[in-house]
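Working notes, structure below.
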Amino acid sequence: MHKYVVRYTKEGDAKFISHLDFLRAVQRAMRRADLPIKYSEGFNPHPCLSFAQPLGIGVTGENEWFEAEMTEEVPDLASRLDRAMPRGVHIREAILEVKNRFAAIMRAEYLVTPAALPEDVAIAAFLAREEIPIEKRTKSGTKMTDIRPMIDTISRRDKQLFMRIAAGSAVNLKPQTVMDALEAYIPEYHAGFCRYHRLALLDHDNQPIY
């Protein structure tokens, strides 16, 4: 068994592909590339794939990861798979890796491009709040949640907002929710249409997972 950690980008119209459809697209691409995929055992075998942190619909990303198991070593896995992927998805590298670091994900960095930016002083006042309760959608429904502990930092970068926020299986915050909170707590601020781009997935030391 050979485990590969695969880095990819998702951009353009590919951002509108749901995670389930993207999973199926990767499986089809692996078959088209004639890769020696390892399948699970049992009555319904499926390719051994796992994703680090699925992107939300409408969000692009440049350092996304999934793990794929092969029955033999494939030195040219990245190039073969890249040629078979749908438009907007590009395979950047494939690392032969024994250790899976997906469980180490604690935060994610995003660039948000809104129609209008809040002032620096307004961002500072927002981050100075002890609590930031906002309606947050969960698996059990929508409820008021204090998202302040989930926000590491927010700052302006030219015409964009940079944010580092909680991510992972235990606690996960969407950048869209942060923008909703900025509009709710900054008087007369309206972000307008926003574009979301994930820069990286980080561990507890704010280092990239790979």
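Numbering of the sequence shown is given in the working numbering, commencing with residue 20 and proceeding in unit increments.
From the three backbone atoms N, C-alpha and C, an ideal C-beta is built for every residue, glycine too.
Can you tell me where the beta strand (DSSP E) holding S98 begins and where it ends? Element bounds for S98: not the beta strand (DSSP E) but the alpha helix (DSSP H), 96-103.
Under the three-state DSSP convention, the category Y229 falls into: coil
Under DSSP, the alpha helix (DSSP H) around A219 begins and ends at which residues? Counting along the chain, A219 falls outside any alpha helix (DSSP H), though it belongs to the beta strand (DSSP E) covering 214-221.
Go to Y23, then tell me how far its beta strand (DSSP E) extends in each direction, as first and last residue. 21-29
For K162, the residue or residues it bridges with in DSSP: K155
If you draw a straight line from the C-alpha of P105 to the C-alpha of A144, how long is it? 43 Å
Nearest-angstrom Cα distance between T132 and G75? 16 Å
Leaving aside the five residues before and after I170 along the sequence, list all residues of the same chain whose C-beta is less than 6 Å from its C-beta, in chain order. I184
Segment limits, beta strand (DSSP E) that includes H65: Careful: H65 lies outside any beta strand (DSSP E) and carries neither H nor E.
Cα-Cα, which of E138, Q179, I36 is closest to Y208? E138
For the 8 Å Cβ check, are there 3 or more pairs between the stretch 113-129 and the stretch 40-48? no
Short Cβ contact (8 Å threshold) for L192 with Q72: no
Evaluate contact between the stretch 91-101 and the stretch 51-67, counting only Cβ atoms and requiring at least three cross-stretch pairs below 8 Å. yes
Can you list, in chain order, the residues of its chain whose CB lies under 7 Å from that of E30, leaving out five sequence neighbours each side? T79, G107
Between A33 and H109, what straight-line distance do the alpha-carbon atoms span, to the nearest angstrom? 10 Å
Give the secondary structure of Y208 by DSSP, where H, G and I count as helix, E and B as strand, and everything else as coil. coil
Quick check: the Cα distance between I36 and V117, rounded to an integer number of angstroms? 29 Å
On the premise that A103 lies in contact with A48, defined as a C-beta separation below 8 Å, what is that separation, rounded to the nearest angstrom? 4 Å
According to DSSP, residues forming a beta bridge with H38: Bridge partners of H38: none, in fact.
Identify whether L146 lies in helix, strand or coil by the three-state DSSP scheme. helix
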